[in-house]
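Numbering (the working numbering), first residue to last: 205 to 1047.
Even glycine gets a Cβ: it sits at the ideal position worked out from N, Cα and C.
Small disclaimer: the values here were computed from a predicted structure and weren't measured.
I have placed the structure first, in the form of C-alpha cells, so that the comments after it can refer back to it.
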C-alpha cells in the first residue's frame, strides 16, 4: 500500500459498521471446539453453546449502532456442486447431531433479534460477498467474521476480515504481509495453490511459495495462462500447463459472487428486538444458565456485604482450604451467603468458634469442610451440596466452575465470599431441578452418605510402615535384577527401560519383533496392550512387562504410602469422592486405594500392610458376584436366575452351558474360561480380547461368545434393548434411577461409538451395584458403634470394618445380614465376611 492510498479502516460515511458472520463456519468450529456437552437429558448442545457464546462476544465488541447479519448455507446443493461433482468431497460428513443443533442456533438468532439469511443454490460465501460489496458501495464499513480465506478477495479499504475466534482484522496490508499477494490477486493465488478442504485441485506441484513468485513477477493469472511460453522457470510453466483445466476451474470455484439477488437492509439489521420470554424458555431448556445470566434474563440477586451475625443460620457456606486433603488442611477464610447478603468470617482460630456454633452446613463439597471440623473435635454434619445435586442431574458436569456456569450462578472464584454466593444461588436452582428418582437418590443416598464418608476419612486406616519399606526394598532389588537381564539381552549396559524410543529400537529393530500399532505421533508403540500381544515372540517382553508392573507398584504405593501417614493420628486418611465416577461408584484419592492390584501376588502383598490397631481386627465383607446377580435380575434371564436361587456356582453353570456338558463334568479349566466370559460380557469383551485373555484361537473365542448368548438369550435382548433405548434417549439408568448420559452413543466414529455402547449396557449393572453398596453403608454405619467398631474403607464391592477382637464374632453376621438385605432382587444377594489382623488375611 502506498502513502497516497486511503487508510485501512476508513471512517464510515454514515456512522455504521455492518458485521457479517459466517454462521455455518461458526457452528462447525463450535461443534469441534466443545465436545461432549449435553443437557441433563442427554441432548447434544455443544455447537449451540459455543456458537451463542462466540456470537455474544462478537456483539459485545460491536458499536451501539452496528448492524449484524448471520449467513448460512442452504440445505440444497449450490451451483458449484452442479459445476463440479466433487466440490467439497474432501470434507468429513456432517456429524449426525449437528443439523438439529444448527436449527436451534437459527431459532436462538431469531429470538436475539438478529437478521439471518440463507438462499437455496448459494453458499454463505456468496451471501457474504454480496452484502460486503453492496454495503461498502453505500459507504458502510464491513467486517466479515469467517474462517474461510476465500473471503480475502472481498477485502478493500472498507471491508476487513477477522477469524471466528480472533480479534485481529485482515485488511489489504495484512494479506500482503502474510501471503505476499494483493487482495486483487487472491483468487488467482487460490487457483494455483488449490484447497484440499473444498477439493479444489489447483496446479499440481505448485504451492504457496511458487504461486506467490509467479504472481509477483507476472501480475495475474490471465497473463500467466496466456503467455506460458514466456513463464520462467520452464519447470513451473510445465506444471501450470499440465493443470490448465484444473487451474481455470479452481479460479471459478474460488470466486465469490458479489451480485446475488438478495435484499440489503443495514438499517433494519441494526435494530435488535430481543424476545425475552421465548428466549428465556429456550435457554432454560438448553440449560445455558451462564448465557441467561449474561443476557440478564435470569433472576440475578445482588449480594451486599453485611456483618457476620446478620446472616441466617442455614446460609450457604463458601470456604477455601489450604490443602485438598481436609485432614491436613488449614481453613484460610470462610464466608456465608443467603437472601442477597454475604458475610466474610474472620481468619485463624476464630473460624473454629464459628463452626462450633453450627450443626449442619450447606456448601459445595460440604464433606471436606466437615472432615476439617471433625478432625478438630467439632461435630459438624454435611447438609445440602450443590455439587452432589449437579452430579445426579449429569455426572459429566461436576467441577464447581462448570456447574456454576451451566446453571447461571455467579462465577466460581477463589474467594470464599464468591463461593458462598455461587453456592447459595446454585442450591436454589438445583433444588428445583431435582425431581423424581434423582431427588430420591439425593435425599436417601448421596446427601446422608456424606456423613458416613466423613467419619471414614477422619478415622483413616493404620498401615505398617516397616513392612511397606521392606517391600519397597525387595521390589527395588527385583527391578534391578530385571533391568540387568534386559540390558544383557540388548547388549547395552545403559539401556533405559523407561524410554519408549530405546525399547522400540530393541524390540523392533534389534530383535526383529513384529511391530504393533503406532502412537498418535507415528512412533512404534510399546504400550502394555501392544506388548501383551508380543509375549510369545521373545522372553524379553515378559521381563519388560514385569519391570513396568513392579515399578508402578513401587512408585504408586510402596514409596508414597509411608509419606501419607498423618503425623497426629499415625494413620492414612484417604479422601472418598462421590462425584467422580459416572457410574455412581465411589473413588478415592491421596492415596487411591481403589486400584491396588489383587491379581498378582506382589499386588496382594501390599494389602498386608493395611493393619488393624492394637487389640483390633479387620473384617472384610465382600459381595459375591453382585454384578452377575444384577444382570440376572435386570435381563430377567431365567437360567441365570434359577442358578443363583439354587445356590449353584455360576461359573460352573456357564461352563456347562457353553461346553454342552453336565455340571459334574465341568473341569477347572472349563470354569476358568466361563468366569472370563461371564465377566467379559458385562464389559463388552470382544472375541479378540477373549483370545488374548484365554490364550485360545479367535474362532474358538468367537464360538464361546456365540454359545453364551444362545444359552442366555435374555442377556442378548437386554443389551440390544438398552442400546436402542440409549440411542433414543441419550442416557441409561440404574434400577434406582441413577442416570448416565452417553454422548457418543450415535457417533459416526466406530471406536467412539463402540466404547459408548459398552458403557451404556454396563452402567445399569455397575451403577446398580454402586447404589446397593451405598445403601448397605448407610444401614451398617449406625450399627457399628454398638460394637465399638468403625467403617474404614470401601473398595468396589468390599467394605472394611475395624472392630475390637472381642466383638468380631458377633459383628460378622450383622454385617452379612445388612449387606444381603440392602436391596431386593429376583436373586439373593450374598456377602462373605472374613477377619484378620491385616487386609490380606481378612480377605
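Beta bridge counterpart(s) of residue i as assigned by DSSP
i, result
"residue 792", "780"
"residue 987", "Answer is none; residue 987 lacks a bridge partner."
"residue 276", "According to DSSP, which records beta bridges pairwise, residue 276 is partnered with nothing at all."
"residue 997", "1004"
"residue 360", "363"
"residue 320", "274"
"residue 522", "539"
"residue 242", "248"
"residue 586", "565"
"residue 399", "404"
"residue 722", "728"
"residue 665", "776"
"residue 814", "667"
"residue 769", "776"
Length of the line joining the Cα atoms of residue i and residue j
i, j, result
"residue 293", "residue 799", "Residue placement at residue 293 cannot be trusted, given a pLDDT of 46 that sits under 50; the coordinates are not used to answer."
"residue 787", "residue 979", "15 Å"
"residue 943", "residue 411", "53 Å"
"residue 723", "residue 729", "6 Å"
"residue 485", "residue 497", "13 Å"
"residue 844", "residue 949", "28 Å"
"residue 256", "residue 317", "13 Å"
"residue 313", "residue 836", "50 Å"
"residue 961", "residue 968", "12 Å"
"residue 686", "residue 745", "11 Å"
"residue 344", "residue 370", "22 Å"
"residue 742", "residue 675", "29 Å"
"residue 894", "residue 956", "21 Å"
"residue 920", "residue 602", "33 Å"
"residue 557", "residue 538", "12 Å"
"residue 228", "residue 481", "26 Å"
"residue 864", "residue 885", "19 Å"
"residue 1005", "residue 997", "7 Å"
"residue 705", "residue 808", "32 Å"
"residue 483", "residue 311", "9 Å"
"residue 285", "residue 457", "Its pLDDT being 47, under 50, residue 285 is placed unreliably by the model, and the measurement read from it follows with that caveat. Residue 285 and residue 457: Cα-Cα distance of roughly 10 Å."
"residue 725", "residue 391", "35 Å"
"residue 428", "residue 387", "18 Å"
Boundaries of the beta strand (DSSP E) in which residue i is found, first to last residue
i, result
"residue 225", "221-226"
"residue 826", "820-827"
"residue 1038", "1035-1040"
"residue 943", "943-945"
"residue 567", "564-567"
"residue 345", "345-349"
"residue 546", "545-548"
Cβ-Cβ separation, residue j to residue i (assumed contact under 8 Å), whole Å
i, j, result
"residue 661", "residue 874", "Rounded, the Cβ-Cβ distance is 44 Å, inconsistent with contact."
"residue 460", "residue 358", "6 Å"
"residue 321", "residue 466", "6 Å"
Run of the alpha helix (DSSP H) containing residue i, from where it starts to where it stops
i, result
"residue 937", "Note, residue 937: premise wrong, no alpha helix (DSSP H); beta strand (DSSP E) at 935-937."
"residue 881", "872-886"
"residue 703", "Looking at the DSSP string, residue 703 is not in any alpha helix (DSSP H), and its letter there is neither H nor E."
"residue 528", "That residue, residue 528, is in no alpha helix (DSSP H); it is neither H nor E in DSSP."
"residue 512", "From DSSP, residue 512 is part of no alpha helix (DSSP H); its letter is neither H nor E."
"residue 1013", "1009-1024"
"residue 842", "842-849"
"residue 473", "470-473"
"residue 684", "669-694"
"residue 430", "425-430"
"residue 383", "376-383"
Item to complete: Evaluate contact between the region 414-430 and the region 388-400, counting only Cβ atoms and requiring at least three cross-stretch pairs below 8 Å.
Response: yes
Practice prompt. Say whether the region 238-245 touches the region 443-453, bearing in mind that this needs 3 or more beta-carbon pairs closer than 8 Å, one atom from each stretch.
Written response: no
Discussion item. Is it the case that the region 749-766 contacts the region 912-925, given that we only count it when at least three CB pairs across the two stretches are under 8 Å?
Written reply: no
Worksheet item: Between the region 251-271 and the region 627-635, do three or more beta carbon pairs fall short of 8 Å?
Response: no
Discussion item. Using 8 Å as the cut-off, can you tell me whether the region 687-707 makes contact with the region 790-797, which would need three or more C-beta pairs spanning the two stretches below that distance?
Written reply: no
Discussion item. Between the region 777-785 and the region 579-597, can you find at least three pairs of beta-carbon atoms closer than 8 Å?
Written reply: yes
Discussion item. With a threshold of 8 Å, are at least 3 pairs of Cβ atoms found where one atom belongs to the region 665-674 and the other to the region 767-775?
Written reply: yes
Discussion item. Three Cβ pairs or more, each shorter than 8 Å: is that satisfied between the region 567-585 and the region 635-644?
Written reply: no
Worksheet item: When the Cβ atoms of the region 823-843 are set against those of the region 999-1018, are three or more pairs found closer than 8 Å?
Response: yes
Discussion item. I'd like to know if the region 811-825 and the region 1033-1046 are in contact, where contact means that at least 3 CB-CB pairs between them fall below 8 Å.
Written reply: yes
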